[in-house]
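Undergrad: In the numbering used here, the protein residues as written are 59 to 776. Virtual Cβ for every residue (Gly too), placed ideally from N, Cα, C. Bear in mind that the values here come from a model prediction, so they are computed numbers and not experimental data.
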Amino acid sequence: MTSNRIIYLLLCAFIAGNLLVIFMQYNSSRNIQLLITGNKQLLNEMRSGNRLRELEQDLLSSEIRIGRAVLTNDSIPLVQAESLLAEALTLLDSLRITYNQDSTLRNINRLATLADEKSAMINQILDSFRHKAKVTPESYRTIMQHRLFFADVNETSRRIYASRQRLLDSISNSIDESGSQAENWSIVMIMIVLVSGAVLFWYIISRIRQQNLLIQRLDSSEKKVREVSMIKENFMANMSHEIRTPMNAILGFTNLLKSKTRDPELIEFVDAIRQSGDNLLTIINDILDLSKIEAGMMRIESAPFSVRGLLHSVQTMFAEKMNEKRLLFSCTVDESIPDTLSGDATRLTQILVNVIGNALKFTSEGSIQVKISNRGMTPKRILLGFVIRDTGIGIAKEKVSDIFERFRQAEDSMTRKYGGTGLGLSIVKDLVYLQHGEISVESEPGVGTTFNFTLPYEIAIGPLSGATTSAATESEYPDARHIHILVVEDNETNQNLVKHLLNRWRFSYDIVNNGMEAIKRLQTRRFDLVLMDVQMPMMDGYTATREIRMKLKLDTPVIAMTAHAFAGEREKCLSYGMNDYIAKPISERELFRLIERFTGVNHDYQHIDLRYMHGISEGNKDYEKTVTKQFIEVIPGDIGDLETGLANQDAVALAKVAHIMRSDVAVLGLLDEIQPHLDVLEFEIFDEKRFLDAITAVKRVCLSALKEARDYYASLPA
Numbered sequence: 059m060t061s062n063r064i065i066y067l068l069l070c071a072f073i074a075g076n077l078l079v080i081f082m083q084y085n086s087s088r089n090i091q092l093l094i095t096g097n098k099q100l101l102n103e104m105r106s107g108n109r110l111r112e113l114e115q116d117l118l119s120s121e122i123r124i125g126r127a128v129l130t131n132d133s134i135p136l137v138q139a140e141s142l143l144a145e146a147l148t149l150l151d152s153l154r155i156t157y158n159q160d161s162t163l164r165n166i167n168r169l170a171t172l173a174d175e176k177s178a179m180i181n182q183i184l185d186s187f188r189h190k191a192k193v194t195p196e197s198y199r200t201i202m203q204h205r206l207f208f209a210d211v212n213e214t215s216r217r218i219y220a221s222r223q224r225l226l227d228s229i230s231n232s233i234d235e236s237g238s239q240a241e242n243w244s245i246v247m248i249m250i251v252l253v254s255g256a257v258l259f260w261y262i263i264s265r266i267r268q269q270n271l272l273i274q275r276l277d278s279s280e281k282k283v284r285e286v287s288m289i290k291e292n293f294m295a296n297m298s299h300e301i302r303t304p305m306n307a308i309l310g311f312t313n314l315l316k317s318k319t320r321d322p323e324l325i326e327f328v329d330a331i332r333q334s335g336d337n338l339l340t341i342i343n344d345i346l347d348l349s350k351i352e353a354g355m356m357r358i359e360s361a362p363f364s365v366r367g368l369l370h371s372v373q374t375m376f377a378e379k380m381n382e383k384r385l386l387f388s389c390t391v392d393e394s395i396p397d398t399l400s401g402d403a404t405r406l407t408q409i410l411v412n413v414i415g416n417a418l419k420f421t422s423e424g425s426i427q428v429k430i431s432n433r434g435m436t437p438k439r440i441l442l443g444f445v446i447r448d449t450g451i452g453i454a455k456e457k458v459s460d461i462f463e464r465f466r467q468a469e470d471s472m473t474r475k476y477g478g479t480g481l482g483l484s485i486v487k488d489l490v491y492l493q494h495g496e497i498s499v500e501s502e503p504g505v506g507t508t509f510n511f512t513l514p515y516e517i518a519i520g521p522l523s524g525a526t527t528s529a530a531t532e533s534e535y536p537d538a539r540h541i542h543i544l545v546v547e548d549n550e551t552n553q554n555l556v557k558h559l560l561n562r563w564r565f566s567y568d569i570v571n572n573g574m575e576a577i578k579r580l581q582t583r584r585f586d587l588v589l590m591d592v593q594m595p596m597m598d599g600y601t602a603t604r605e606i607r608m609k610l611k612l613d614t615p616v617i618a619m620t621a622h623a624f625a626g627e628r629e630k631c632l633s634y635g636m637n638d639y640i641a642k643p644i645s646e647r648e649l650f651r652l653i654e655r656f657t658g659v660n661h662d663y664q665h666i667d668l669r670y671m672h673g674i675s676e677g678n679k680d681y682e683k684t685v686t687k688q689f690i691e692v693i694p695g696d697i698g699d700l701e702t703g704l705a706n707q708d709a710v711a712l713a714k715v716a717h718i719m720r721s722d723v724a725v726l727g728l729l730d731e732i733q734p735h736l737d738v739l740e741f742e743i744f745d746e747k748r749f750l751d752a753i754t755a756v757k758r759v760c761l762s763a764l765k766e767a768r769d770y771y772a773s774l775p776a
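1) From E359 to V588, what distance separates their C-alpha atoms?
2) Taking DSSP's pairing of strands, which residues face F565 in a bridge?
3) Cα separation between G504 and G424?
4) In whole angstroms, what separates the C-alpha of M608 from that of K757?
5) Please determine if the segment 421–438 and the segment 402–409 are in contact, where contact requires at least 3 C-beta pairs separated by less than 8 Å.
6) For a quick check, are the C-beta atoms of V692 and I732 less than 8 Å apart?
7) Round the Cβ separation of F689 and V738 to the nearest angstrom and send it over; I've been treating them as touching at under 8 Å.
8) Excluding the five sequence neighbours on either side, which residues of its own chain have a C-beta within less than 7 Å of the C-beta of A144, listed in chain order?
9) Between Q427 and the rest of its own chain, which residues show a CB-CB distance below 6 Å, the 5 nearest in sequence each way excluded?
10) Closest to E605 by C-alpha separation, out of L368, A576, T620, would be which residue?
11) Taking the continuous alpha helix (DSSP H) assigned at M574, which residues delimit it?
12) Hey, could you find the ends of the alpha helix (DSSP H) N706 is sitting in?
13) Who are the near neighbours of K611 in its chain, counting only those whose CB is closer than 6 Å to its CB and skipping five residues on each side?
14) From what residue to what residue does the beta strand (DSSP E) around F444 run?
15) With a floor of 3 residues, list each beta strand (DSSP E) that falls wholly inside the segment 598–650, ordered by position along the chain.
16) Please determine, among F509, H494, N554, the residue with the shortest C-alpha to C-alpha distance to L410.
17) In whole angstroms, what separates the C-alpha of Y771 from that of L560?
18) If you follow the alpha helix (DSSP H) that A772 is part of, which residue opens it and which one closes it?
19) Among T657, D598, M574, which one has its Cα closest to the Cα of C631?
20) Specify whether the segment 544–564 and the segment 388–397 touch according to this definition: at least 3 beta carbon pairs, one from each stretch, less than 8 Å apart.
21) If you measure from the CB of G401, is any heavy atom of the ligand COA nearer than 7 Å?
22) Measuring straight from C-alpha to C-alpha, what distance separates V685 and R768?
23) Ignore the nearest five residues each way along the sequence and tell me which others in A525's own chain have a CB closer than 6 Å to its CB.
24) In three-state DSSP terms, what is L78?
25) What would DSSP say about T312, mapped onto helix, strand or coil?
26) On the criterion of 16 or more Cβ atoms from any shown chain inside 10 Å, does H542 qualify as buried, or is it exposed?
27) Could you please give me the residues that DSSP links to E547 through a beta bridge?
28) Whose CA, out of G506, V556, N231, L442, lies closest to the CA of V458?
29) Check for me: the alpha helix (DSSP H) holding P396 runs from which residue to which?
30) For N85, collect the residues of the same chain with a Cβ closer than 6 Å to its Cβ; drop the 5 residues on either side in sequence, then sort them by chain order.
31) Could you give the DSSP three-state label for S360: helix, strand or coil?
32) Is any beta-carbon of chain C found at less than 8 Å from that of F444?
33) By DSSP's criteria, Q427 is part of a beta bridge. Which residues make up the other side?
34) Given R366, which residues of its chain have a CB within under 7 Å of its CB, disregarding the five upstream and five downstream residues?
35) Where do the N-terminal and C-terminal ends of the alpha helix (DSSP H) with F420 fall, by residue?
36) Quick one: Cα of A71 to Cα of I263, how far?
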């Protein structure tokens with residue numbers, strides 16, 4: 059039964075129930091009203107009966123007093139009889155009002171006639187008493203003529219009583235009938251309430267039972283869906299691992315080969331291999347992104363980024379391909395847009411790369427334009443509008459709605475001609491919606507296509523800090539042989555790749571084939587970092603990391619290197635005690651950044667030199683963290699003391715501070731740079747201008763070194 063039918067059924071039942079209740083209430087009220095009316099009539103009849111008895115008694119009493127007056131020749135009883143007759147006449151008047159039946163009225167009128175006759179007789183007898191002081195023979199004859207008064211009164215009263223009894227019987231029957239009907243309707247109402255309650259209870263129980271059955275079926279279906287999803291996820295993860303493992307070696311050695319050769323023909327071959335590998339990796343990433351979106355595990359992160367810097371990177375990425383096709387490629391950003399915003403720069407880059415790549419694929423001549431505009435801004439948020447316009451082949455209007463469908467392109471022939479899986483724009487649409495944006499497309503065959511989408515971002519406070527590690531040649535990397543790295547990898551090709559990378563970066567390392575060998579090696583030697591593959595024979599990377607944390611009680615940083623790039627893999631690695639995660643194929647830049655972060659090696663510092671500190675610490679990160687923190691805390695005070703001594707022209711105090719600073723700055727390799735200035739302050743005679751120049755130079759170097767020291771301190775493990 060559909061929900062609409064249930065609603066209509068409940069509505070009809072509600073209306074019918076209300077009508078039934080109204081009908082029953084009406085009948086019950088009517089019967090109760092009849093019962094009240096009958097009771098009132100019965101009460102009136104009882105009152106009338108009392109008056110009738112009083113009337114009869116008054117009439118008979120008056121007759122008795124008349125007889126007493128005749129026998130005693132006393133007029134007082136006659137006066138009493140006259141009073142009784144007056145009361146009787148009053149009662150007769152009230153009875154006429156009460157009784158409206160013809161027969162009863164005739165009998166009442168008969169009693170009134172008798173009373174009038176008796177009153178006239180009393181008046182006659184009273185006249186006899188007044189004139190002759192006794193009852194005259196005429197009065198006596200009148201009395202004798204009315205000697206049947208008792209019988210007439212009794213007979214008339216009997217007829218009234220008989221008529222009254224019939225009325226009482228009728229009223230009693232009516233009361234009994236009304237009471238019986240009221241009782242019956244009450245019973246019917248109670249029965250209907252009970253039956254309705256039983257039906258409602260049955261209906262509720264039935265619905266609950268159906269819902270429980272539906273819940274059980276849904277649980278069963280959900281379990282099956284979870285099982286299917288898990289099977290799919292495992293398949294995707296295994297597929298990702300099996301494909302990414304050789305791809306890691308292919309792309310890694312391609313980069314190494316390109317950096318080693320100078321032969322143009324070989325470089326062309328290497329570039330072809332690299333391009334094919336990138337295309338295959340793009341397909342793998344699209345499938346994995348699609349799986350993440352379907353599983354609801356695509357995470358949108360938020361971090362500060364530069365809008366113009368991101369767009370410049372994308373422009374640089376496509377510049378060569380645009381030049382090859384001789385396309386005009388322009389990117390503009392509205393001046394009102396703040397440069398530093400907070401959002402997911404990775405997903406924005408992915409969207410732009412997919413849309414621009416799609417435009418590049420279908421545009422053979424003309425231009426591709428990218429414009430970012432301000433669609434609305436508040437003090438904390440901004441809505442960015444992105445327009446990507448090309449002069450490509452265009453799309454027919456009836457095909458525009460299909461381009462965002464998975465595995466669909468505007469024409470089937472495009473797949474054969476231009477390639478692609480048909481997933482890129484579908485993923486773009488999902489990513490835009492995940493970030494609470496909107497996307498639309500306009501196109502005309504032979505003219506071009508315009509993609510228009512909006513994305514909201516928060517406005518970041520302050521300038522963007524931090525710089526990414528730029529690529530460096532082998533000669534530019536510092537000597538980091540004091541950094542010892544344990545590589546746990548079972549694939550020989552990947553072992554060779556990591557070996558070449560670490561040699562290039564001048565790290566010392568050991569390589570083992572599985573987690574069990576890694577545990578044994580860590581028991582005998584101290585390492586600064588562990589690069590841990592996840593899927594290995596004998597003991598996998600998860601189990602090995604747990605052993606390192608639980609049994610060996612080591613806090614050595616562990617970076618997972620895995621071809622499992624499925625949703626939730628990073629969280630899984632962190633839950634087993636790993637410190638971070640890098641997916642295969644390994645990005646050289648990303649891997650070096652992670653090693654740099656967890657070991658502290660850095661070749662970009664302009665002032666501080668960590669070699670002296672590393673030589674003393676022999677890899678002890680706690681020591682390095684302690685002395686770096688001391689440097690950060692002490693140097694501002696030393697600079698303040700120098701400025702105070704100069705203001706006071708206190709040469710002794712300046713010499714003392716300069717001497718102390720030698721040991722403060724030596725640990726971070728600053729002594730050679732500022733020693734000439736410290737010598738001036740410590741050994742020469744006070745000269746305000748010369749001392750000011752020396753303090754200014756020391757302050758400049760130390761303040762710059764403080765920033766570098768803070769960056770290095772932040773890179774050390776907590």
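TA: Looking at the coordinates:
1) Translated into positions along the sequence shown, residue 359 becomes position 301. Translated into positions along the sequence shown, residue 588 becomes position 530. In this structure, the straight-line span from the alpha carbon of E359 to that of V588 is close to 27 Å.
2) Here residue 565 corresponds to residue number 507 of the sequence shown, with the count starting at 1. Partner(s): A538.
3) As a working note, residue 504 is residue 446 in the sequence shown. As a working note, residue 424 is residue 366 in the sequence shown. Between G504 and G424, the C-alpha separation is close to 12 Å.
4) Taking the first residue of the sequence shown as position 1, residue 608 is located at position 550. Taking the first residue of the sequence shown as position 1, residue 757 is located at position 699. Whole-angstrom Cα-Cα distance: 47 Å.
5) Contact between the segment 421–438 and the segment 402–409 is absent, because fewer than three Cβ pairs lie under 8 Å.
6) Along the sequence shown, read from residue 1 onward, the residue named residue 692 stands at position 634. Along the sequence shown, read from residue 1 onward, the residue named residue 732 stands at position 674. For V692 and I732, no; Cβs fall outside 8 Å.
7) Taking the first residue of the sequence shown as 1, we reach residue 689 at position 631. Taking the first residue of the sequence shown as 1, we reach residue 738 at position 680. 22 Å between Cβ atoms; not a contact.
8) For the purposes of this step, residue 144 is taken as residue 86 along the sequence shown, with counting starting at 1. Answer for A144: no residue qualifies.
9) To locate residue 427, count along the sequence shown from 1; it is residue 369. Counting only Cβ-Cβ distances below 6 Å, and skipping sequence neighbours, we find S388, R447.
10) Counting from 1 along the sequence shown, the entry for residue 605 is found at position 547. Comparing Cα-Cα distances from E605 to each of L368, A576, T620, the minimum goes to A576.
11) By 1-based counting over the sequence shown, the position of residue 574 is 516. Unbroken alpha helix (DSSP H) run through M574: 573–582.
12) Numbered from its first residue, the sequence shown carries residue 706 at position 648. Residues 679–706.
13) As a position in the sequence shown, residue 611 is number 553, starting the count at 1. There are no such residues.
14) In the sequence shown, the residue the question calls residue 444 occupies position 386. It spans 439–448 - the beta strand (DSSP E) in which F444 sits, taken as one unbroken run.
15) The qualifying runs are 616–620, 638–641.
16) Here residue 410 refers to the residue found at position 352 when the sequence shown is read from its first residue. Ranking F509, H494, N554 by Cα distance to L410 puts F509 first.
17) In the sequence shown, residue 771 corresponds to position 713, counting from 1. In the sequence shown, residue 560 corresponds to position 502, counting from 1. Roughly 23 Å between the two C-alpha positions.
18) The residue you call residue 772 lines up with position 714 of the sequence shown. 746–773 is the span of the alpha helix (DSSP H), which, as asked, contains A772.
19) If you number the sequence shown from 1, residue 631 lands on position 573. For C631, the nearest C-alpha among the options comes from D598.
20) Touching, no.
21) Among the components modelled here there is no ligand, and therefore nothing to report on the ligand COA.
22) As a working note, residue 685 is residue 627 in the sequence shown. As a working note, residue 768 is residue 710 in the sequence shown. Each residue's Cα considered, the two are about 12 Å apart.
23) By one-based count along the sequence shown, residue 525 stands at place 467. Only weak support is given to the placement of A525: the predicted model assigns it a pLDDT of 38, under 50, and the question is left unresolved by the model.
24) For the purposes of this step, residue 78 is taken as residue 20 along the sequence shown, with counting starting at 1. DSSP, reduced to helix, strand and coil, places L78 within a helical segment of the structure shown.
25) Within the sequence shown, the letter at position 254 stands for residue 312. It is helical.
26) Indexing the sequence shown from 1 puts residue 542 at position 484. H542 should be labelled buried.
27) In the sequence shown, residue 547 corresponds to position 489, counting from 1. Under the DSSP definition of a beta bridge, E547 lacks any partner.
28) In the sequence shown, residue 458 corresponds to position 400, counting from 1. Looking at the Cα atoms, G506 is the closest of the given residues.
29) The residue you call residue 396 lines up with position 338 of the sequence shown. Counting along the chain, P396 falls outside any alpha helix (DSSP H), and DSSP gives it neither H nor E.
30) The residue labelled residue 85 in the question sits at position 27 within the sequence shown. Here the set comprises W243.
31) Taking the sequence shown and counting its residues from 1, one reaches residue 360 at position 302. S360 falls in the coil class under three-state DSSP.
32) Of the protein chains in this structure there is only one, and it is not chain C.
33) Position 369 of the sequence shown holds residue 427. For Q427, which the question treats as bridged, DSSP gives the partners S388, R447.
34) Translated into positions along the sequence shown, residue 366 becomes position 308. V391, D397, listed in sequence order.
35) Taking the sequence shown and counting its residues from 1, the one referred to as residue 420 is at position 362. Unbroken run through F420: none, as it is neither H nor E.
36) In the sequence shown, the residue the question calls residue 71 occupies position 13. In the sequence shown, the residue the question calls residue 263 occupies position 205. Their backbone Cα atoms lie some 18 Å apart in a straight line.
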